[in-house]
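*Asks:*
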Amino acid sequence: MASFFNKGFGRKRESASSERIPPGQYETHDFPVLTAGPTPRIPLTSWTFVIDGLVKTPMQWTWEQFNALPQTSFMNDIHCVTKWSKLDTHWTGVSIDTLLEHINPSPEARYVMAHSYGDYTTNIPLDDLRNGKAFIGLNFEGKPLAPEHGGPARLVVPHLYFWKSAKWIKGLRFMETDKPGFWEQGGYSMYGDPWKEQRYRTDD
Numbered sequence: 001m002a003s004f005f006n007k008g009f010g011r012k013r014e015s016a017s018s019e020r021i022p023p024g025q026y027e028t029h030d031f032p033v034l035t036a037g038p039t040p041r042i043p044l045t046s047w048t049f050v051i052d053g054l055v056k057t058p059m060q061w062t063w064e065q066f067n068a069l070p071q072t073s074f075m076n077d078i079h080c081v082t083k084w085s086k087l088d089t090h091w092t093g094v095s096i097d098t099l100l101e102h103i104n105p106s107p108e109a110r111y112v113m114a115h116s117y118g119d120y121t122t123n124i125p126l127d128d129l130r131n132g133k134a135f136i137g138l139n140f141e142g143k144p145l146a147p148e149h150g151g152p153a154r155l156v157v158p159h160l161y162f163w164k165s166a167k168w169i170k171g172l173r174f175m176e177t178d179k180p181g182f183w184e185q186g187g188y189s190m191y192g193d194p195w196k197e198q199r200y201r202t203d204d
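Residue 204, in UniProt numbering, is where the sequence shown stops; the numbers in between run on with no holes.
1) Who does I78 pair with in a DSSP beta bridge?
2) Find the nearest neighbour of T202 within the set F182, G187, P194, judged by alpha-carbon distance.
3) Going straight from the alpha carbon of V55 to that of W195, what length do you get?
4) Do you know whose CA, among L126, L99, L138, D127, lies nearest Q60's CA?
5) Let me make sure I understand the geometry here. Which of Y200, E176, T92, P58 has the alpha-carbon closest to that of G151?
6) Which residues in the same chain have their Cβ closer than 7 angstroms to the Cβ of S165, if we skip the five residues on either side of it in sequence?
7) Leaving out five residues before and five after R130 in sequence, what residues of the same chain have Cβ atoms less than 8 angstroms from its Cβ?
8) Between G192 and the rest of its own chain, which residues show a CB-CB distance below 8 angstroms, the 5 nearest in sequence each way excluded?
9) DSSP three-state call for N67: helix, strand or coil?
10) For A146, count neighbouring C-beta atoms within 10 Å of its own C-beta (all shown protein chains included) and say buried if the count is 16 or more, exposed if not.
11) Under 9 angstroms, do H90 and G142 count as touching if we go by C-beta distance?
12) Determine, using beta carbons only, whether L172 and M75 come nearer to each other than 9 angstroms.
13) Judging by CA-CA distance, which residue of Y120, P105, G137, F66 is the nearest neighbour of T45?
14) Determine the DSSP secondary structure at Q185, reduced to helix, strand or coil.
15) Please state the DSSP three-state secondary structure of S165.
16) Mind checking which residues open and close the beta strand (DSSP E) that includes L155?
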């Protein structure tokens, strides 16, 4: 059974009147840490990012090559399934739209499995990664992303519960059919919409 570490779990909701906080959530000004297992420490000299599966042009980038891609600043609210929400977070990273320009997904590709160092996986519909909805975060609040928050790079999908924003990302695999990732195999929602409180499979 996976072990957990979460500094922020169990606090009371602080901003019940905020329209930006989904049902069942509370606002925090901290950045709580939740992990299943030890935090991977990935040397930048060996870090790679791979896109494969149902794509016409599979790609692999080194850390230097990935950081040479066009980067964008993002400001987003994020929502964890453990019920905290953090507003106005600031990131710099590579938009998934930028990556899609390089790999040309096949027409039958409708879903993506995110793969992480440490063997974590999570599934996301391709449409939820397009059109400015998601990015690979490299910097948080003006600093390189810390390992406990998923550094050196993590997927960020702000409109879904934050377990979909895979830490320590190492690649995306494009698929025709939806398949469960790590938490989804354990009964978590296949989609994870915070506004619908889709925490578990029974909430879908």
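Where a beta carbon is used, it is the ideal one built from N, C-alpha and C, also for glycine.
*Replies:* In this structure, then:
1) The count along the sequence shown starts at 1 and reaches residue 78 at position 78. In DSSP, I78 forms a bridge with K86.
2) Looking up residue 202 in the sequence shown gives position 202. Of all alpha-carbon atoms in F182, G187, P194, the one lying nearest the alpha-carbon of T202 is that of G187.
3) Walking along the sequence shown from the start, residue 55 turns up at place 55. Walking along the sequence shown from the start, residue 195 turns up at place 195. Roughly 32 angstroms separates the two Cα atoms.
4) Here the question's residue 60 lines up with position 60 in the sequence shown. For Q60, the nearest C-alpha among the options comes from L99.
5) Residue numbering aside, residue 151 sits at position 151 when the sequence shown is read from its first letter. Out of Y200, E176, T92, P58, T92 has the C-alpha closest to the C-alpha of G151.
6) Residue numbering aside, residue 165 sits at position 165 when the sequence shown is read from its first letter. Cβ neighbours of S165 beyond the five flanking positions: R154, L155, V156, V157.
7) Against the sequence shown, residue 130 aligns to sequence position 130. Closer than 8 angstroms at Cβ, skipping near neighbours: I96, D97, L100.
8) On the sequence shown, residue 192 is found 192 positions in, with the first residue counted as 1. The answer, listed in chain order, is V81, L160, Y161, W163, K164, Q198, R199.
9) Residue mapping note: residue 67 aligns to position 67 of the sequence shown, counting from 1. DSSP places N67 in helix when its eight states are reduced to three.
10) Taking the sequence shown and counting its residues from 1, one reaches residue 146 at position 146. So A146 counts as exposed.
11) Residue mapping note: residue 90 aligns to position 90 of the sequence shown, counting from 1. Residue mapping note: residue 142 aligns to position 142 of the sequence shown, counting from 1. Yes, they are a contact pair.
12) Counting from one through the sequence shown, the residue named residue 172 turns up at place 172. Counting from one through the sequence shown, the residue named residue 75 turns up at place 75. In this structure, M75 does not lie closer than 9 angstroms to L172 by Cβ.
13) Translated into the one-based positions of the sequence shown, residue 45 becomes position 45. Between T45 and the set Y120, P105, G137, F66, the nearest pair of CA atoms involves F66.
14) As a position in the sequence shown, residue 185 is number 185, starting the count at 1. Q185: helix per DSSP, three-state reduction.
15) Position 165 of the sequence shown, counted from the start, is the residue given in the question as residue 165. DSSP places S165 in coil when its eight states are reduced to three.
16) As a working mapping, residue 155 is identified with position 155 in the sequence shown. 154-156 is the span of the beta strand (DSSP E), which, as asked, contains L155.
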